[in-house]
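Protein chains in written order, with our numbering: chain B, 40 to 121; chain X, 3 to 113; chain Y, 793 to 1033.
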Amino acid sequence: MIEIIGVITGVLIIIFGILAVESKKLINAVVYLSLMSLLSVLTFIIMKAPDVAITEAVIGSGLVTFLFIITLMQDKKAGDKK
Amino acid sequence: MSQYLYIALMFVGIYGLLSQKNILKMIISLNIMELGLNLFIISTGYINDAKAPIILFGNEGNYVDPLPQAIVLTAIVIGLGVTAVALMLARNIYKTYGTYEIDEIRGENDD
Amino acid sequence: MKKLIAILLTVVVVLFVFANLYSDDSDFKVFGEKLLEQTVSEEFVNKTVDLQRDQPETGSANIVTSIVVNYRSFDTMGEVTVLFISALGVALLGGVLNKKVAFRHKPGFIINQGMKIIVGIILITGIYIFVHGHLTPGGGFPGGAMIGSAFLLMYLSNDKFRSRITAFKILEGLAGSLIMIIGLVGLSTGGYFLYNFLPNGEIGQILSAGIIPILYVLIGLKVGSEVSNILGDFFIGEVEQ
């Protein structure tokens, strides 16, 4: 039963990965990257590695997403809406 | 079966590095490749019907291989450092050239 | 490179790797069927759990912690160095003479008031995770990153918060030098760098496992202040009117 959940999560990660590389807008790609990091935390727990799961949850879902969004806010064309 | 999926994820990241023209898309593909690699390294240490490597109240038994987990713990933090420096460089490129596409940065001559 | 050539190249290499992954003349086993007796990790596990020793060699209940801080502590030193170099690179590239950037949307009421409650909880959770690094999963690296994210919340919710705090620079330098001093004391006492010179207690107590808790506390403080410095440098830029 656990192995089936692992395989389904793996297929979902690959689908989101292809969507992130091929999307037209940059903000969509950043959101897909954050979703992939969240699903990989689930995979680390299934493979019985708790230290790695905590580290990836803190760094992948919180800090890297923030760095990308702050870089995207520098774009002058994207921020002119009130 | 799942080791095939993680190798495929690594190659999705490599395909993204080869074919994209936007600098931020390249940095996202680099992150995808590092995610697939970490998943693959931990999957080489899994043993069927074994427990997580923490000793609880004196029971002994078979544990999962703890050495790949120690390696990946370091690799995740180094990935954060590389992403931070790459994004700072991308910001400076935007300030100098005004765009993120490498076609417009390189100029009009193609080779 | 055009997309068609990239797809073709990737698919050819992937199929080649899939065909030769579990071939007969390599030691790479099928997923889940690894034998622990043929690897070096068996010694790492047995030296902590073995019933024939009267005292465990490391004394920490978390086997991954004893590998990261005791058996392979030189790799951890290298990793702390890589984090230091990346924090230095971000600080030099970000411009040392610019002021803090002001965004168009001011922080609202909810994040302003909610920050005052949540920041303390996140800080205490981060400190708990790296103090108990040898008993529960976690350790210095996620604990330090959690402290960094608490400071990120403080930067985001307050416009007037200074983005370069001098105390972090002093804390980072102090923690790094203390790690080196402990390593040199180990060199003079036992014979190699970062030798475990304090006695191991019994497994499960908080004051056990030699110098492992002390090293993890120092590593957690150093990583926390470095991540806060990296995140604070991303707010620096040209002042927008």
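Glycine included, every Cβ here is placed at the ideal spot set by N, Cα and C.
These numbers come from a predicted model, not from an experiment.
Taking the alpha-carbon of Q113 (chain B) as reference, which of X:A10, X:F13, X:G100 has the nearest alpha-carbon?
X:G100
Are there 16 or more other CB atoms within 10 angstroms of the CB of F901 (chain Y), so buried, or fewer, so exposed?
exposed
Kindly indicate the opening and closing residues of the alpha helix (DSSP H) around Y17 (chain X).
4-21
Out of Y:T928, Y:L828, Y:E964, state which residue places its alpha-carbon closest to the alpha-carbon of F59 (chain X).
Y:T928
Which complete alpha helix (DSSP H) runs does the segment 23-66 of chain X hold, if anything under 4 residues is left out?
25-45
Same chain, Cβ closer than 6 Å to I49 (chain X), five either side skipped, listed in chain order:
V66
Tell me whether E95 (chain B) is buried or exposed, calling it buried when 16 or more other Cβ atoms sit within 10 Å of its Cβ.
buried
How is G851 (chain Y) classed by DSSP in three states: helix, strand or coil?
coil
Looking only at its own chain, which residues have a Cβ that is under 8 Å from the Cβ of F866 (chain Y), when we skip the five neighbours before and after it?
F985, L986
Proximal residues to G47 (chain X) (C-beta, below 8 Å), its chain only, five neighbours per side dropped
V66, D67, P68, L69, P70, Q71
For V856 (chain Y), decide whether its Cβ has a neighbour in chain B, counting only Cβ atoms nearer than 9 Å.
yes
Given that V79 (chain X) touches chain B, what residues does it touch there, using C-beta distances under 9 Å?
T94, I98
Taking C-beta pairs closer than 7 Å, name the residues in chain X that G56 (chain B) reaches, listed in chain order.
L11, V14, I34
Measuring only the C-alpha atoms, how far is G978 (chain Y) from I859 (chain Y)?
17 Å
Euclidean distance between Cα positions of G101 (chain B) and L1007 (chain Y):
26 Å
In three-state terms, what does DSSP make of K116 (chain B)?
Low local confidence applies: a pLDDT of 49 at K116 (chain B) is under 50, so the model's placement there is unreliable, with the coordinate-based value given in what follows. Of the three classes helix, strand and coil, the one that applies to K116 (chain B) here is helix, per DSSP.
Roughly how far, in whole angstroms, is the beta-carbon of V69 (chain B) from the beta-carbon of I98 (chain B), given that I think they are within contact range, below 8 Å?
In fact, because the Cβ distance is near 15 Å, the residues do not count as touching under 8 Å.
Members of the segment 853-883 of chain Y that neighbour chain B once the beta carbon cut-off is set at 7 Å:
V856
Mind pulling the beta strand (DSSP E) runs of 3 or more residues that sit fully within the segment 896-962 of chain Y?
none
Span separating the alpha-carbon of T831 (chain Y) from that of F820 (chain Y):
12 Å
Given a limit of 8 Å on CB to CB distance, which residues of the segment 796-815 of chain Y reach chain B?
none
Hey, out of Y:F1027, Y:T958, Y:G925, Y:A798, whose CA is closest to N862 (chain Y)'s CA?
Y:G925
Please name the residues in the segment 927-945 of chain Y whose beta-carbon is closer than 7 Å to at least one beta-carbon of chain X, in chain order.
P929, F933
Hey, is I109 (chain B)'s beta-carbon within less than 9 Å of any beta-carbon in chain Y?
yes
Count the other C-beta atoms from every protein chain shown that fall within 10 angstroms of the C-beta of I1003 (chain Y), then say buried if there are 16 or more, exposed otherwise.
buried
For the segment 68-86 of chain B, which residues have a beta carbon sitting closer than 8 Å to at least one beta carbon of chain X?
A68, V69, L72, M75, S76, S79, T82, F83, M86
Please go through the same chain and pick out, in chain order, the residues whose beta-carbon is closer than 6 Å to the beta-carbon of A59 (chain B), but skip the five residues on each side of it.
A68, Y71, L72
Partners in chain X for I52 (chain B), counting only beta-carbon separations shorter than 7 Å
L11
Look up I1011 (chain Y) in the DSSP assignment and say whether it is helix, strand or coil.
helix
How about P934 (chain Y) and I93 (chain B): are their beta carbons less than 9 Å apart?
yes
Can you find a CB in chain B that lies within less than 9 Å of the CB of F1026 (chain Y)?
yes
Checking contacts by CB at 9 Å: is E103 (chain X) closer than that to chain B?
no
Cβ-based neighbour list, V911 (chain Y), same chain, cut-off 7 Å, excluding 5 preceding and 5 following
A942, L945, M946
Can you tell me whether DSSP reads G45 (chain B) as helix, strand or coil?
helix
Considering only their Cβ atoms, is the gap separating G49 (chain B) from I34 (chain X) smaller than 9 Å?
no
Considering only C-alpha positions, which residue in the set X:G18, X:Y6, X:L7 is nearest to L801 (chain Y)?
X:G18
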